[in-house]
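Numbering (my numbering), first residue to last: 54 to 283. This report refers to the structure that appears directly beneath it.
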């Protein structure tokens with residue numbers, strides 16, 4: 054059984070926060086109450102901590118109500134550097150790490166992982182484990198679409214996004230994943246009279262910023278946690 058902390062404070066994931074590799078966006082979800090949207094980060098060889106202020110939002114989808122979805126940008130990072138970061142408060146604090154990319158250049162080696170159609174089955178677990186144990190050691194994941202397959206469940210069950218977010222956290226908390234949508238993220242559901250969601254202060258509640266798919270995201274027809282994964 055997962056710990057209570059992991060259930061209440063989970064789905065941690067990071068992605069690139071700018072175009073040159075000197076910022077990282079961290080996102081996570083708290084269930085019972087908002088808590089803090091701030092993150093603290095520091096380099097591997099230093100104890101001096103930097104702080105970054107974030108924000109949170111929520112959304113509703115048919116009969117589902119989300120937790121508090123936090124986003125925070127850690128910027129002014131150094132290249133080729135291992136950083137630790139913490140999110141949460143008090144007994145809910147969780148600590149992770151990531152490594153920033155090298156400086157941008159025409160001949161800079163960099164290894165990307167590629168995954169698509171992952172889902173959340175025993176085969177999904179084998180696929181993700183194979184990637185994590187691969188000696189090529191991808192530095193950033195390019196995710197090619199089709200995430201939780203929530204659209205295969207009655208009322209496009211958004212709990213499937215929660216379970217999928219917890220499943221992939223073992224990789225997404227320590228390595229940037231860059232996302233694009235697949236056909237299973239086109240969340241049209243006339244059987245439940247799906248209309249644009251009424252969100253708490255944001256027209257794009259879920260938080261994933263799809264690569265070159267802002268038009269779809271802004272139209273409010275893309276599955277929720279896919280967008281919120283950033």
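The beta-carbon is built from N, C-alpha and C at its ideal position, and this holds for glycine as well.
| query | result |
| --- | --- |
| Is the beta carbon of residue 198 sitting closer than 8 Å to the one on residue 235? | yes |
| Looking only at its own chain, which residues have a Cβ that is under 8 Å from the Cβ of residue 163, when we skip the five neighbours before and after it? | 154, 155, 192, 193 |
| How about the segment 86-104 and the segment 135-155: do they share at least three Cβ pairs that are nearer than 8 Å? | yes |
| To which residues of the same chain is residue 213 closer than 8 Å at the C-beta, ignoring the five residues directly before and after it? | 173, 201, 202, 203, 206 |
| Counting pairs of Cβ atoms below 8 Å between the segment 114-121 and the segment 95-103, do you hit three or more? | no |
| Report the partner residues of residue 69 according to the DSSP bridge assignment. | 77 |
| With distances taken from CA atoms, which of 152, 125, 145 is nearest residue 131? | 152 |
| Let me know the secondary structure DSSP gives residue 104 once reduced to three states. | strand |
| Can you tell me the Cβ-Cβ gap for residue 146 and residue 96, rounded? I've got them flagged as a contact below 8 Å. | The Cβ separation is near 19 Å, so there is no contact. |
| With DSSP as the reference, label residue 149 as helix, strand or coil. | strand |
| Identify every residue that forms a DSSP beta bridge with residue 93. | 104, 139 |
| Going by beta-carbon coordinates alone, are residue 87 and residue 109 separated by less than 8 Å? | yes |
| Which one of 71, 75, 70, 81 has the shortest CA to CA distance from residue 64? | 81 |
| Starting from residue 176, trace the alpha helix (DSSP H) both ways and give me its first and last residue. | 175-186 |
| Using the Cβ count rule (16 or more neighbours within 10 Å means buried), how would you classify residue 211? | buried |
| Rounded to whole angstroms, how far is the Cβ of residue 168 from the Cβ of residue 69, which I believe are closer than 8 Å? | Going by Cβ atoms, the distance from residue 168 to residue 69 rounds to 17 Å, so no, they are not a contact pair. |
| List the DSSP bridge partners of residue 161. | Paired residue(s): none; residue 161 is not in a bridge. |
| Can you tell me the Cα-Cα spacing of residue 222 and residue 238, whole angstroms? | 19 Å |
| Kindly list the residues whose CB is nearer than 7 Å to the CB of residue 226, restricted to its own chain and excluding five residues on each side of it in sequence; keep chain order. | 65, 66, 67, 149 |
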